[in-house]
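J.:
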Amino acid sequence: MKEQSMTVSRNITKTVIYVLCIFLAVLSIFPFWVMFMNATRGTFEIQQHSVGLLPSTHLIDNMRILMGKTFDPLIGFKNSMLVSTGATFGAVYFSSLTGYALVAYSWKLRQPFFTFIMAVLMIPAQISGIGFYQFMYQINWVNSLWPLILPAVATPAMVFFMRQYLIATLSLDIVDSARIDGAGEFYTFNRIILPIMKPAMATQAIFTFVFHWNNLFIPLILLTDRSKYTMPIMVSLLRGDIYRTEYGSVYLGLSLTVLPLFIVYFMLSKYIIAGVALGALKE
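Residues in the sequence shown are numbered consecutively from 0, following numbering that gives the first Met the number 0.
1. What's the gap between the Cα of residue 100 and the Cα of residue 58?
2. For residue 50, which of 266, 38, 212 has the nearest alpha-carbon?
3. Closest to residue 153 by C-alpha separation, out of 136, 120, 134, would be which residue?
4. Within the segment 107-163, note down every full alpha helix (DSSP H) run reaching 4 residues or more, in order along the chain.
5. Under the three-state reduction of DSSP, which class applies to residue 105: helix, strand or coil?
6. Who are the Cβ neighbours of residue 205 in its own chain at under 7 Å, not counting the five residues just before and after it?
7. Thinking C-alpha only, which one of 226, 104, 48, 249 is nearest residue 175?
8. How about residue 229 and residue 79: do their beta carbons lie closer than 8 Å?
9. Is it buried or exposed for residue 189, if we count other Cβ within 10 angstroms and need 16 for buried?
10. Thinking C-beta only, is residue 253 closer than 8 Å to residue 117?
11. Identify the continuous alpha helix (DSSP H) that holds residue 179 and give its terminal residues.
Pasting the structure below:
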């Protein structure tokens, strides 16, 4: 009788957990669903009923209005993809390399170097924005995508994350064994350490890609050439005239901006799930 009561209690607990998870999932998806549905609706429909759960018939009209506002999604996608992909690869690889150096090597200035990285982490990007622009202007890198990619190589927050992950997961005996077998330092890092860090790299890749895809502040002060505009800049310019704003086209522009983020997340989410499962097994 007692075992039956415990079984019923566990089933009730599982049911409550499942219902709560489903509710949270629906709550997370709901804003995106409304945005996609509004992308198919006209301005009058949106003004009358701001929340619509079913698609309408104004998608083609919204696209026509969108293209008429000098909005070129192909240029925006290309520039944003170049910036986000380049910055993500650079940040993930070099931050992993720096974190590995802070864990695997014992050198005199290791702790002061890590303290300096943490100090840089405390400086807001807005404070350094003016000096960064002046420096880019002096080296003729205004209206170039390189200033949006190369600075991502030095990402203090990601270095801290990678260091903490390696402290928890990396056994230095693996590194010593590789050195005894004659493996070079970069070979050891690229072929042994990076596979161990896949869950951490996938997590940080998602956050970094989303950040650089949505970044508006730095591109807005550096880019004035329309051929260099990223998607956030193009979306920010989707304003109507003083009499009318086409909300349907604005929602369509936002939807086009969000779609690549979903693709990146679904591509990398399996590594995050694998890392969580591995941590559960270790426990």
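Ideal placement from N, C-alpha and C gives every residue a C-beta, glycine not left out.
T.: Per the coordinate set shown:
1. Here residue 100 corresponds to residue number 101 of the sequence shown, with the count starting at 1. Here residue 58 corresponds to residue number 59 of the sequence shown, with the count starting at 1. Cα to Cα, the separation comes out at about 52 Å.
2. Here residue 50 refers to the residue found at position 51 of the sequence shown. Among 266, 38, 212, the Cα nearest to that of residue 50 belongs to 38.
3. Start at 1 with the first residue of the sequence shown, and residue 153 comes out as number 154. Of the listed residues, the one whose Cα sits closest to residue 153 is 120.
4. Counting whole runs of 4 or more residues, the segment 107-163 contains the alpha helix (DSSP H) stretches 109-120, 124-137, 145-148.
5. Counting from 1 along the sequence shown, the entry for residue 105 is found at position 106. Of the three classes helix, strand and coil, the one that applies to residue 105 here is coil, per DSSP.
6. Sequence index remark: in the sequence shown, residue 205 carries index 206 (1-based). Scanning its chain for C-beta atoms nearer than 7 Å, with the 5 sequence neighbours on each side dropped, one finds around residue 205 the residues 263, 264, 267, in chain order.
7. Counting from one through the sequence shown, the residue named residue 175 turns up at place 176. Of the candidates 226, 104, 48, 249, the residue whose Cα lies closest to the Cα of residue 175 is 104.
8. For the purposes of this step, residue 229 is identified with residue 230 of the sequence shown, where counting begins at 1. For the purposes of this step, residue 79 is identified with residue 80 of the sequence shown, where counting begins at 1. Taking 8 Å as the cut-off, the Cβ atoms of residue 229 and residue 79 count as close.
9. Numbered from 1 along the sequence shown, position 190 holds the residue referred to as residue 189. Counting Cβ neighbours within 10 Å, residue 189 comes out exposed, since fewer than 16 surround it.
10. Translated into the one-based positions of the sequence shown, residue 117 becomes position 118. Translated into the one-based positions of the sequence shown, residue 253 becomes position 254. Not in contact: residue 117 and residue 253 (Cβ atoms no closer than 8 Å).
11. Against the sequence shown, residue 179 aligns to sequence position 180. Run containing residue 179: 171-179, per the alpha helix (DSSP H) assignment.
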